[in-house]
Structure formats: C-alpha cells, structure tokens
Amino acid sequence: MGVALVSLWLAAVLGLALWTRRRWTDQPEWSRKVLHIGTGPVVLIAWATGIDRSIALPVAALVTLLAALNHRLRVLPAIEDVGRHSYGTVAYGAAITVLLVLFWPAQPRAMVAGVLVMALGDGLAGLLGPWIPSPSWLILGQRKSVVGTTAMAGMALMVLLLLRQLGGSGGPSPVALVLISLAATLLEQVAVLGLDNLSVPVATGLLWSWLSLRP
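Using my numbering, the letters of the sequence shown correspond one by one to residues 1 to 215.
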C-alpha cells in the first residue's frame with residue numbers, strides 16, 4: 001500500500017514537472033522546483049504507511065543512481081537543464097538515502113525534518129528569491145537574497161514546529177528548533193554545485209536527533 005502510494009505520488013510530481021517544462025520553456029528552473037518541492041511529501045507517506053527499511057533504503061539508493069545517470073545522459077531535461085552546472089538532484093537523492101540509513105525507522109521525525117526543511121524551505125526560497133526584488137549578495141558565485149533567505153528560515157522553522165506538534169511527545173525544544181532552522185539557512189547559503197541539497201537535510205536530521213536528547 002505504502003509503496004503504491006509513493007509511486008503514484010512521484011509519478012504525479014514527475015508528470016507535473018514535465019508539463020511545467022513544456023508550458024514555460026523559458027523558465028527551466030520551475031520544473032526543477034516542482035520536483036524539489038513535490039518530492040518532499042514522499043517521506044510523510046512513508047511514515048504514515050510504515051514502509052519497511054528493507055524496501056525504503058534500496059528504492060532511495062536506486063532513485064539516486066537513476067538521478068546520477070540522468071545527470072549524465074539528460075534523458076529527462078526537466079530535471080537537469082537549468083543553465084548551470086549542478087549536482088542538486090543527485091545530492092537530494094543521496095541525502096534521503098543517508099537519512100534513511102541513519103534514522104529509519106527508529107527516528108522518523110529526524111528523517112522527515114531533514115527532507116521537508118530542504119524540500120519546502122529551499123524550494124520556496126528558490127521560487128520567491130528571484131521573483132521578488134530585494135538586496136542580494138554572492139557567495140562562491142551563487143546569488144542569495146534577503147527574500148529567499150528569509151523564506152528559507154521561516155519555512156524551515158514552520159516545518160520543524162509543526163513536526164514537533166504532530167509527532168507527539170519529545171523532540172527538540174522550541175529554542176532548539178530556532179537554532180536548527182538557522183543552521184539549515186546558513187548551510188543553504190553555500191549552494192555550490194547544488195551540494196546544499198545534501199548538507200542541509202543531513203545536518204537538519206542530525207541536529208534534530210542530537211537536540212532531542214538534550215534537556
């Protein structure tokens with residue numbers, strides 16, 4: 001049941017990304033953001049349906065491998081052709097795989113926190129940052145802005161607070177969640193080659209797990 005729901009969700013997200021690519025040919029980044037944001041809820045489906053580690057981990061590793069092949073061969077340009085060199089899609093898959101290794105199924109909230117902060121926070125920043133004019137700066141050749149950075153920090157904190165409420169007892173304190181969201185935002189600033197798609201989720205998951213153990 002869980003695997004079928006995940007498959008249907010991913011097929012729908014991929015279809016929407018391909019349609020976005022055809023509809024707005026001058027905005028190749030948009031189709032990537034559809035995938036970036038749309039992939040995140042997969043972990044909620046996996047959590048809700050209790051997908052076994054023996055299934056989730058090989059599937060995540062396979063998807064990461066397919067993303068790497070697509071990065072090389074450009075079979076699905078909606079995923080990769082954004083006018084700049086980026087390993088973001090591959091790094092995203094690798095991050096989910098690493099989080100599964102570290103936290104699934106013993107600490108699902110750490111896993112979900114890492115994925116959703118990246119999917120929703122970075123995704124929203126990537127949409128609003130270029131669209132709404134605001135002061136900006138360059139970090140290692142990557143442009144960042146006040147609007148994009150604020151969107152990342154705000155969405156990250158919202159995701160973490162909601163996850164703390166939905167997950168029952170335990171979890172980091174509200175102050176700790178602020179610190180996690182700030183750490184994720186700082187890591188997102190260093191987005192060289194899209195590797196923040198790996199650093200942000202893994203760091204968020206590790207911080208959630210570690211700070212959950214502290215009084």
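Backbone N, C-alpha and C define an ideal beta-carbon position, used for all residues, glycine too.
Rounded to whole angstroms, the separation of the alpha carbons of residue 14 and residue 93 is 15 Å. Per the coordinates, the alpha-carbon of residue 114 lies some 31 Å from the alpha-carbon of residue 22. Following the DSSP letters along the chain, one finds residue 137 inside the beta strand (DSSP E) bounded by residues 136-139. DSSP links residue 144 through a beta bridge to 137.
Rounded to the nearest angstrom, the gap between the Cα atoms of residue 96 and residue 138 is 28 Å. Taken through DSSP and simplified to helix, strand or coil, residue 214 comes out as coil. When secondary structure is reduced to three states using DSSP, residue 189 falls in the helix class. Inter-segment contact for the stretch 153-165 and the stretch 41-56 is absent: fewer than three beta-carbon pairs are separated by less than 8 Å. Close CB contacts of residue 170 within its chain, under the 7 Å cut and outside five residues either way in sequence, are with 212 (chain order). Here residue 31 is near residue 17, since their CB atoms are less than 8 Å apart. Residue 111: member of the alpha helix (DSSP H) spanning 108-116, first to last residue.
Between residue 40 and residue 120, the CB-CB gap stays under 8 Å.
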